[in-house]
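Chains as they are written, first to last, in our numbering: chain A, 1 to 115; chain B, 1001 to 1106.
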């Protein structure tokens, strides 16, 4: 297991198109997170799962965004009708409990460019 | 509301100089605070967390609840410390600051 992986690494799409990103967490991790990072900003939380249950969604996650983790393993993040403001790096992280602490391990990210 | 402030976008020092990366937070309760680092062309990774009170790669960070700060310090900077540093707050979801780029020159 080489860590959290994300696919694709880069995506260029035209405004109005739908895109889907995939995240494969570290195999024994039960929690999976999605963050978005725009230029000059730190990562911003979007949503997270514990196993297949989506436990929290940010207000940033508009109706055009949907995330799933159907079998508690990989996750997908879909953006419908993309807008130029969706251009960002989308980061996935996974974690498992170590005492009271969940250390989040990040993937390399998917860079989305909406033209 | 939870918020993390990193006032410096860029900190440039010479090798061997002391480094202090500032982080202030707002949180009503006992915070869980972290420093993450991103080296060039690498993914974001945890550097240290306040609860462990450890020193990683010579870096330390002390939580000051009175000043609501969690500054990252290193007495003697090395060129390989050059990276983007993010302060983060949270238990499940993380709230990140905007980051400080540390540039260590020879």
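We put the beta carbon where it would ideally sit given N, CA and C, even for glycine.
Bridge partner(s) assigned by DSSP for residue i
| i | result |
| --- | --- |
| residue 1087 of chain B | B/1035 |
| residue 1118 of chain B | The question about residue 1118 of chain B has no answer here: the residues shown for chain B are numbered 1001 through 1106. |
| residue 92 of chain A | A/34 |
| residue 7 of chain A | A/22 |
| residue 1045 of chain B | B/1037 |
| residue 1056 of chain B | B/1059 |
Per-residue contacts from residue i into chain A (C-beta, under 8 Å)
| i | result |
| --- | --- |
| residue 1095 of chain B | 45 |
| residue 1101 of chain B | Those within 8 Å of residue 1101 of chain B in chain A number zero; the least Cβ separation is about 10 Å. |
Span separating the alpha-carbon of residue i from that of residue j
| i | j | result |
| --- | --- | --- |
| residue 1098 of chain B | residue 37 of chain A | 10 Å |
| residue 1020 of chain B | residue 77 of chain A | 37 Å |
| residue 1048 of chain B | residue 27 of chain A | 23 Å |
| residue 19 of chain A | residue 114 of chain A | 10 Å |
| residue 70 of chain A | residue 40 of chain A | 33 Å |
| residue 1071 of chain B | residue 1044 of chain B | 19 Å |
| residue 86 of chain A | residue 93 of chain A | 19 Å |
| residue 1004 of chain B | residue 1035 of chain B | 11 Å |
| residue 98 of chain A | residue 1037 of chain B | 21 Å |
| residue 1088 of chain B | residue 81 of chain A | 31 Å |
| residue 1076 of chain B | residue 1065 of chain B | 26 Å |
Partner residues on chain A for residue i, Cβ-Cβ distance less than 9 Å
| i | result |
| --- | --- |
| residue 1086 of chain B | 42 and 43 |
| residue 1098 of chain B | 40, 41 and 42 |
| residue 1003 of chain B | Under the 9 Å cutoff, chain A gives no residues; its nearest Cβ is about 11 Å from residue 1003 of chain B. |
Residue i: contacting residues in chain A (beta-carbon distance under 7 Å)
| i | result |
| --- | --- |
| residue 1046 of chain B | 103 |
| residue 1068 of chain B | In chain order: nothing, as chain A lies at least about 18 Å away. |
Residue from the options whose Cα sits closest to the Cα of residue i
| i | options | result |
| --- | --- | --- |
| residue 46 of chain A | A/17, A/79, A/71 and A/15 | A/79 |
| residue 1040 of chain B | B/1106, B/1103, B/1083 and B/1104 | B/1083 |
| residue 1061 of chain B | B/1095, B/1014, B/1032 and B/1091 | B/1032 |
| residue 1046 of chain B | A/105, A/111 and A/109 | A/105 |
| residue 110 of chain A | A/103, A/101 and A/88 | A/88 |
9 Å Cβ cut-off: residues of chain B touching residue i
| i | result |
| --- | --- |
| residue 33 of chain A | 1092, 1093 and 1094 |
Proximity test, residue i beta-carbon vs the ligand ATP heavy atom, cut-off 7 Å
| i | result |
| --- | --- |
| residue 18 of chain A | Looking for the ligand ATP in the displayed structure turns up nothing, as the structure carries no ligands at all. |
Residues that residue i contacts on chain B, provided the C-beta gap is smaller than 8 Å
| i | result |
| --- | --- |
| residue 48 of chain A | 1092 and 1093 |
Checklist entry - Hey, which unbroken runs of the beta strand (DSSP E) at 3 residues or more fall wholly within the segment 39 to 103 of chain A? => result 44 to 50, 53 to 57, 65 to 68, 75 to 79 and 88 to 95
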